[in-house]
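A quick write-up on the structure given underneath.
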Amino acid sequence: MSEKMTRTMHDSGPGPLAGEVALVTGGSRGIGRAIALRLAALGAAVAVSGRDAAALQASEAALRAAGVPAFSCLADVTRAADTERLAAASQAALGPIGILVNNAGVGLFGPAHERSEEEWDRVLDTNLKGVFLVSRAVVPAMIARRKGHIVNISSLAGKNTFANGGLYCASKWGLQGLSGCMAEDLREYGIRVSTVCPGSVATEFSPWTGRDLSKLLQAEDVAHVVEMLVTQGPRSFVSEVQMRPLHKP
Ligand SMILES: NC(=O)c1ccc[n+]([C@@H]2O[C@H](COP(=O)([O-])OP(=O)(O)OC[C@H]3O[C@@H](n4cnc5c(N)ncnc54)[C@H](OP(=O)(O)O)[C@@H]3O)[C@@H](O)[C@H]2O)c1
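Following my numbering from start to finish, the sequence shown increments by one per residue and tops out at 330.
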């Protein structure tokens, strides 16, 4: 797999996250891109990853335009070697990762009994195993520094069940379990592991046919919640946020 590595030479901008380094998986579009830009606006240096080189380049350019050090890396979160390379290259480019946002994910819907083994593997490997692999690559350096914040982008589908949601719900319920256990394993090291569980968000994740997009949550709403999590007070640990649109779509 080829790799895109670029780096800007600006100093970290002012703001509550000045001096912090964040890695956002799936930062090439949608919710991940909005989170990356929000963290940059708060002053963090930001690394983004994904599998689409052109989209990643565009995200990196937007981060650079925000005036922070930026880095992008082609990496598939389902592959252990990619995740290890992603963590090492991000840290080499920007410094120790203090904020990890496990955002990369796929949606695939339909009755579970009609889905293929390949589809099961794709959804579970991306939404669940990917979080395990990326976290495993990043956490040792956080433990060494005795600080860090991991935000896992889960879903209300990790709290509820619904028709056609079998594979996706399985992945996000699994993520809820993984996140809760990671939180208990890591809090003694000063590392918070939080989940954000949004309802439907207007992104390319789904065409949302027949839905009024203006009434759905927007990617920036999720980014705002991530901002709240990573800027919370030093004693507290917000473990989970559930998000719904104010007005029912
Ligand atoms: N949109 C919603 O309604 C909604 C609601 C609740 C939760 N979520 C969750 O929010 C997260 C982001 O979703 P989104 O709405 O922003 O979707 P999106 O617009 O489809 O973006 C998904 C992102 O994940 C990346 N990605 C997918 N598979 C990957 C892989 N194997 N390796 C690396 N990167 C991968 C994509 O980049 P590449 O394709 O370039 O790799 C892209 O950057 C997901 O975890 C999703 O489950 C979404």
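Cβ atoms here follow ideal geometry from the backbone N, Cα and C, with glycine treated the same way.
DSSP-derived helix/strand/coil call for Val-220 | Within the sequence shown, the letter at position 139 stands for residue 220. Of the three classes helix, strand and coil, the one that applies to Val-220 here is helix, per DSSP.
State the CB to CB distance for the pair Leu-297 and Tyr-249, rounded to an integer number of angstroms; the pair is presumed to be in contact (CB under 8 angstroms).
-> Sequence index remark: in the sequence shown, residue 297 carries index 216 (1-based). Sequence index remark: in the sequence shown, residue 249 carries index 168 (1-based). Actually they do not touch by this definition, with Cβ atoms about 17 angstroms apart.
Go ahead and label Met-309 buried or exposed: buried means 16 or more other beta carbons lie within 10 angstroms of its beta carbon, across all protein chains shown.
-> Sequence index remark: in the sequence shown, residue 309 carries index 228 (1-based). With fewer than 16 Cβ atoms within 10 Å of its Cβ, Met-309 is classed as exposed.
Ligand 1 heavy atoms versus the CB of Pro-103: any closer than 7 angstroms?
-> Walking along the sequence shown from the start, residue 103 turns up at place 22. The displayed chain sequence assigns Ala, not Pro, to residue 103. Within 7 angstroms of the C-beta of Ala-103 there is not a single heavy atom belonging to ligand 1.
Going by CA-CA distance only, name the one from Gly-96, Gly-176, Lys-329, Gly-113 that's closest to Arg-292.
-> As a working note, residue 292 is residue 211 in the sequence shown. For the residues Gly-96, Gly-176, Lys-329, Gly-113, the minimum Cα distance to Arg-292 belongs to Lys-329.
Alpha helix (DSSP H) segment containing His-305, residue limits = Here residue 305 refers to the residue found at position 224 of the sequence shown. Run containing His-305: 300 to 311, per the alpha helix (DSSP H) assignment.
Label Leu-294 either buried or exposed according to how many other C-beta atoms from any shown protein chain fall within 10 Å of its C-beta, with 16 as the threshold for buried.
-> Taking the sequence shown and counting its residues from 1, the one referred to as residue 294 is at position 213. Under this definition Leu-294 is an exposed residue.
Any chance the CB of Glu-199 is under 7 angstroms from a heavy atom of ligand 1?
-> Here residue 199 refers to the residue found at position 118 of the sequence shown. Flag unset: Cβ of Glu-199 not near ligand 1.
Hey, Ala-125 and Val-102 are a contact pair by Cβ (cut 8 angstroms); roughly how many whole angstroms apart?
-> One-based indexing of the sequence shown puts residue 125 at position 44. One-based indexing of the sequence shown puts residue 102 at position 21. With 8 angstroms as the limit, Ala-125 and Val-102 qualify as a contact, their Cβ atoms being about 7 angstroms apart.
Note down, one range per segment and in chain order, each alpha helix (DSSP H) of at least 4 residues found wholly within the region 166 to 193.
-> none
Check: Ser-109 C-beta below 7 angstroms from any heavy atom of ligand 1 = The residue labelled residue 109 in the question sits at position 28 within the sequence shown. Checking every heavy atom of ligand 1 against the Cβ of Ser-109, one is found closer than 7 angstroms.
Check whether the Cβ atoms of Gly-131 and Gly-111 sit closer than 8 angstroms, and answer yes or no.
-> As a position in the sequence shown, residue 131 is number 50, starting the count at 1. As a position in the sequence shown, residue 111 is number 30, starting the count at 1. Contact flag unset, no.
Assigned secondary structure, Ala-147 (DSSP; H/G/I helix, E/B strand, else coil) | The count along the sequence shown starts at 1 and reaches residue 147 at position 66. Looking at Ala-147 - three-state DSSP - the assignment turns out to be coil, as it is neither helix nor strand.
Secondary structure at Met-82, three-state DSSP: helix, strand or coil?
-> For the purposes of this step, residue 82 is identified with residue 1 of the sequence shown, where counting begins at 1. Below a pLDDT of 50, predicted positions are generally treated as unreliable, and Met-82, at 33, falls in that range; no measurement from the model is reported.
If you count every other CB in all the chains shown that lies within 10 Å of the CB of Glu-199, and 16 or more means buried, which is it?
-> For this step, residue 199 is matched to residue 118 along the sequence shown. Glu-199 should be labelled exposed.
State the Cα-Cα distance for the pair Ala-264 and Ser-197, rounded to the nearest angstrom.
-> Translated into positions along the sequence shown, residue 264 becomes position 183. Translated into positions along the sequence shown, residue 197 becomes position 116. Each residue's alpha carbon lies about 33 angstroms from the other.
In terms of DSSP beta bridges, what is Pro-95 paired with?
-> Taking the first residue of the sequence shown as 1, we reach residue 95 at position 14. Per DSSP, none; premise fails for Pro-95.
For the region 204 to 278, list the beta strand (DSSP E) runs that are entirely contained and at least 3 residues long, ordered along the chain.
-> 229 to 234
Close beta carbons around Arg-114, own chain, < 6 angstroms, minus the five adjacent residues each side | The count along the sequence shown starts at 1 and reaches residue 114 at position 33. Listed in chain order, the non-local C-beta contacts of Arg-114 below 6 angstroms within the same chain comprise Gly-108, Ser-140, local neighbours out to five positions each way being set aside.
Do you know offhand how far Met-86's Cα is from Ala-193's?
-> Counting from 1 along the sequence shown, the entry for residue 86 is found at position 5. Counting from 1 along the sequence shown, the entry for residue 193 is found at position 112. The pLDDT assigned to Met-86 is 38, lower than 50, so where the model puts this residue is not dependable, and the model offers no usable value.
Simplified DSSP state of Thr-164, which is helix, strand or coil | Residue numbering aside, residue 164 sits at position 83 when the sequence shown is read from its first letter. If DSSP states are grouped into helix, strand and coil, Thr-164 belongs with the helices.
Which same chain residues, not among the five before or five after Val-127, have their C-beta less than 7 angstroms away from its C-beta?
-> As a position in the sequence shown, residue 127 is number 46, starting the count at 1. Closer than 7 angstroms at Cβ, skipping near neighbours: Ala-103, Val-105, Ala-117, Leu-120, Ala-121, Leu-144, Val-149, Ala-151.
State the Cα-Cα distance for the pair Leu-167 and His-230, rounded to the nearest angstrom.
-> As a first step, residue 167 is located in the sequence shown; it is residue number 86 there, counting from the start. As a first step, residue 230 is located in the sequence shown; it is residue number 149 there, counting from the start. Looking at the two C-alpha atoms, the distance is approximately 18 angstroms.
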